[in-house]
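Participant: My structure is below; once you've seen it, I'll send some questions.
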Amino acid sequence: MAFTNNSHILDWINQMADMTKPDKIVWIDGSEEQLNAIRNEGFITGELIKLNQELLPGCVYHRSAPNDVARVEDRTFICCRNEEDAGPTNNWMDPQEMYAKLAKIYDGSMKGRTMYVIPYSMSVVGSPFAKYGIELTDSIYVVVSMAIMTRVGLNVYEALGNSPDFIKGLHSKANLDEENRYIVHFPEDNTIMSVNSGYGGNVLLGKKCFALRIASYLGHNENWMAEHMLILGIESPDGDVRYLAAAFPSACGKTNLAMLIPPEIYRNKGYKVWCVGDDIAWLRVGPDGRLWAVNPEYGFFGVAPGTSMKSNPNALLSTRKNSIFTNVVLKPDGTVWWEGMDKNPPKDALNWKGEPWDPSDGSKGAHPNSRFTAPAKNCPCISPEFDNPAGVPISAIVFGGRRAKTAPLVYQSRNWQHGVFVGSIMASETTAAATGAVGVVRRDPMAMLPFCGYHMADYWQHWLDMGKLIKNQPKIFNVNWFRTDDNGNFIWPGFGDNMRVLEWIMKRCFDEVGAQETAIGYVPNPEDINLEGLDFDVEQLKSILDVDRDLWNAEVDGIEEFYKQFGEKLPKELKDELQTLKNNLNK
Ligand code: GTP
Ligand code: SPV
Ligand code: MN
């Protein structure tokens, strides 16, 4: 049954059904009853495996194809009319050419299958931030995942009325053919088309495709920002809560930071950390001239390996009910395991490919990019402001990445323009979140390299322009939890102890602590980072606050090389900042 008379929606669904030729169409209403029935169907088709309902109530297990376990950046396209608008860092093809190419691949791809129609909202329905989408898919995994990750429901149709203002998303697993796998965005048509994949980041179209690639394009036109950022609040003993947003590349610590549990000395004093979001932030200038942020998502799609009761109890506890586990180890008792959960790899378990697994043979049981999908409201530290349609006011913006050397533990930019420069020069070692080599340093400006839906130089200009609209600008910082010693071991303890750095950041935002000026910006006076209760001395701290002139001169060469591809479009402000950095290093 169609739940809407919206002719734009109905016409589009008819066209997509004519092309993909499903046996039937099922309209998702978001009800628990319907989702249960669909889950049961998934158990029959084998797309889902039921887990131990006593230990993990409402939880299911899913495997994606072994050649389909991460985002495919080389097969991700931004198709706008002018190639120039996509910029040098995106794959581009002419929209008409791409539509024609895709039509062949989608032709009859849903034969013998059901097409599900999923109405969803990114952020609270009816809020000033809200944007609506409809995803058509032939995957039961996608239906149950979208119901966790986004706000799915019929109120989306009510909010839309007869408006054409919704994001059209078409997904078909087709036959999971790698050679014909495409993740395509048509920002000028509010359209996303994904085919031949079943991996979350490629197929949960509300997430990276809509909430970042399409939304960044919309934000550019509409004076707001869509960013690859976590949002958290730090509550001090007096009950005051200060918020920050932080952009780290994929698998570089957003989920972990967003849910951090402060060290004992902070907890004893009454500090708390509240999670608003772990992956995506939409930011708008509020009437008070501050920058306000919402998390447009409704759940977490988090990296499983390394998540333990020690490293991130809040994430683990979020997955104890109504969650999906993808590509992890399946234990004989119907529960799950992954590397880093504890030191006891299970016996008689199946690995992420579904094969009998012998932990002693040296192979990994869970895929390095295996993930959990959990309702945000399961999280013990979910912020009371999670559903606030106005969002939360942001005091600090934090950039960061994985750098074994070069970037200090933390530094602060001199002002907004310098902060935009700091974001634009971000670099990080690649991870298993995308296909391709792992551990290679690449530039990933604002952690948006794979997610910016338009020309990266226009995106930087947008950051600079937004700065002018924000009367009370957040202060901008850079952090690096990943400095290593000569043996390749991480020097900084990280995780909960990152609270010690967040405290300094917040104090800087409210002029409560001093700093040292260096060539790259303000670095803490070592005594201002609280090391109480930590087996870590000031000398070690100094070693990771260090700004090494030779390394930074080499960094300048890398930045110049990276900037070159943007030619005349590179904002002058960034050229100036690079020149200032050079001058500072040669003083
Ligand atoms: P996406 O979901 O891919 O966007 O990733 P994310 O940024 O949310 O990454 P996540 O928090 O899941 O972290 C991924 C990896 O970084 C895990 O292996 C963590 O163990 C590791 N990690 C997170 N925080 C820290 C830290 O403070 N120190 C160290 N050494 N590792 C960390
Ligand atoms: C990332 O890769 O940054 C993720 C996971 O958050 S995915 O949804 O696959 O993009
Ligand atoms: Mn992410």
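Each residue of the sequence shown is one higher than the last, beginning at 54 in the working numbering.
From the three backbone atoms N, C-alpha and C, an ideal C-beta is built for every residue, glycine too.
If you draw a straight line from the alpha carbon of residue 297 to that of residue 444, how long is it in whole angstroms?
Facilitator: Spanning the two alpha carbons is a distance of roughly 12 angstroms.
Participant: Could you tell me the distance, in whole angstroms, from the CA atom of residue 578 to the CA atom of residue 396?
Facilitator: The alpha-carbon atoms of residue 578 and residue 396 are separated by roughly 38 angstroms.
Participant: Leaving out five residues on either side along the sequence, give the residues of the same chain with a beta carbon under 6 angstroms from the beta carbon of residue 286.
Facilitator: Same-chain partners within the cutoff: 294, 296, 327, 436.
Participant: Assign residue 321 to buried or exposed, taking buried as 16 or more other Cβ atoms, counted over all protein chains shown, within 10 Å of its Cβ.
Facilitator: Its Cβ having fewer than 16 others within 10 Å, residue 321 is exposed.
Participant: The ligand SPV and residue 423: does the residue's C-beta get closer than 7 angstroms to at least one heavy atom of that ligand?
Facilitator: No, since every heavy atom of the ligand SPV falls outside the 7 angstroms radius drawn around the Cβ of residue 423.
Participant: Report the CB separation of residue 418 from residue 398 in whole angstroms; it is logged as a contact under 8 angstroms.
Facilitator: Indeed they touch by this definition, with Cβ atoms about 6 angstroms apart.
Participant: Could you check which residue in 492, 543, 188, 451 has the C-alpha nearest to that of residue 421?
Facilitator: Looking at the Cα atoms, 492 is the closest of the given residues.
Participant: What residue range is occupied by the uninterrupted alpha helix (DSSP H) comprising residue 311?
Facilitator: Unbroken alpha helix (DSSP H) run through residue 311: 307-311.
Participant: Does DSSP put residue 144 in a helix, a strand or coil?
Facilitator: Reduced to three states, the DSSP call for residue 144 is strand.
Participant: Please report the straight-line C-alpha distance between residue 447 and residue 402, rounded to a whole angstrom.
Facilitator: Approximately 45 angstroms between the Cα atoms of the pair.
Participant: What's the gap between the Cα of residue 438 and the Cα of residue 347?
Facilitator: In a straight line, the C-alpha of residue 438 is about 9 angstroms away from that of residue 347.
Participant: Does the region 357-370 come within contact of the region 497-510, defined as at least 3 CB pairs closer than 8 angstroms?
Facilitator: Because the criterion of three Cβ pairs below 8 angstroms is not met, the region 357-370 and the region 497-510 do not touch.
Participant: Apart from the five residues on each side of it in sequence, which residues of its chain come closer than 7 angstroms, Cβ to Cβ, to residue 598?
Facilitator: Once the five neighbours on either side are set aside, the close Cβ partners of residue 598 are 461, 462, 576, 577, 579.
Participant: So, for residue 545: in the same chain, excluding its five sequence neighbours on each side, which residues have a beta-carbon less than 7 angstroms away from its beta-carbon?
Facilitator: For residue 545, where only same-chain residues beyond five positions count, the Cβ hits under 7 angstroms are 462, 534, 536, 597.
Participant: DSSP on residue 557, reduced to helix/strand/coil?
Facilitator: The answer is helix: DSSP assigns residue 557 an H, G or I state.
Participant: Less than 7 angstroms between C-beta atoms, sequence neighbours within five positions excluded: which residues of the same chain meet that for residue 239?
Facilitator: Cβ within range, chain order: 132, 148.
Participant: In this structure, how does DSSP classify residue 535 when only helix, strand and coil are distinguished?
Facilitator: Coil.
Participant: Quick one: grab the DSSP three-state call for residue 368.
Facilitator: Helix.
Participant: How about residue 303: is its Cβ closer than 7 angstroms to a heavy atom in the ligand MN?
Facilitator: Yes; taking the cut-off as 7 angstroms, the Cβ of residue 303 has a heavy atom of the ligand MN nearer than that.
Participant: At 4 residues or longer, and completely inside the region 391-460: list those alpha helix (DSSP H) runs for me, N to C.
Facilitator: None, since the region 391-460 contains no complete alpha helix (DSSP H) of that length.
Participant: With DSSP as the reference, label residue 336 as helix, strand or coil.
Facilitator: Residue 336: strand per DSSP, three-state reduction.
Participant: Taking only heavy atoms of the ligand SPV into account, decide whether any of them is closer than 7 angstroms to the Cβ of residue 486.
Facilitator: The answer is yes for residue 486.
Participant: Could you tell me which whole alpha helix (DSSP H) segments of length 4 or greater appear in the region 497-548?
Facilitator: If we require 4 residues or more, the alpha helix (DSSP H) runs fully inside the region 497-548 come out as 509-522.
Participant: Quick check for students: name the residue ranges of the beta strand (DSSP E) that lie wholly in the region 176-206, counting only runs of 3 or more.
Facilitator: Taking only runs of at least 3 residues, the beta strand (DSSP E) segments lying wholly in the region 176-206 are 184-190.
Participant: Any heavy atom of the ligand GTP closer than 7 angstroms to the CB of residue 641?
Facilitator: Absent from the structure is residue 641, since the part of the chain shown begins at 54 and ends at 640.
Participant: Would DSSP call residue 240 helix, strand or coil?
Facilitator: Here residue 240 sits in helix by DSSP.
Participant: Which residues does DSSP list as the beta-bridge partners of residue 169?
Facilitator: DSSP, once it has assigned bridges, lists 79, 190 as partnering residue 169.
Participant: Near residue 583, which residues of its chain fall below 6 angstroms by C-beta distance, leaving aside the five closest residues on each side in sequence?
Facilitator: Only 553 meet the Cβ criterion.
Participant: In the structure shown, what three-state DSSP assignment does residue 155 receive?
Facilitator: Helix, per DSSP.
Participant: Roughly how many angstroms separate the alpha carbons of residue 458 and residue 300, rounded to a whole number?
Facilitator: Distance between the alpha carbons of residue 458 and residue 300 is about 19 angstroms.
Participant: I need the boundaries of the alpha helix (DSSP H) containing residue 595, first residue and last residue.
Facilitator: From DSSP, the alpha helix (DSSP H) with residue 595 extends over 591-598.
Participant: Between which two residues does the beta strand (DSSP E) holding residue 279 run?
Facilitator: Where residue 279 is concerned, the enclosing beta strand (DSSP E) stretches over 278-280.
Participant: Under the criterion of a Cβ to heavy atom distance below 7 angstroms, does residue 332 qualify as lining the ligand MN?
Facilitator: Because some heavy atom of the ligand MN lies under 7 angstroms away, the Cβ of residue 332 counts as near it: yes.
Participant: Kindly give me the distance between the Cβ atoms of residue 364 and residue 548, rounded to whole angstroms, as I take these residues to be in contact under 8 angstroms.
Facilitator: That pair is a contact at about 6 angstroms.
Participant: Rounded to the nearest angstrom, how far is the Cβ of residue 206 from that of residue 258, given a contact under 8 angstroms?
Facilitator: Actually they do not touch by this definition, with Cβ atoms about 17 angstroms apart.
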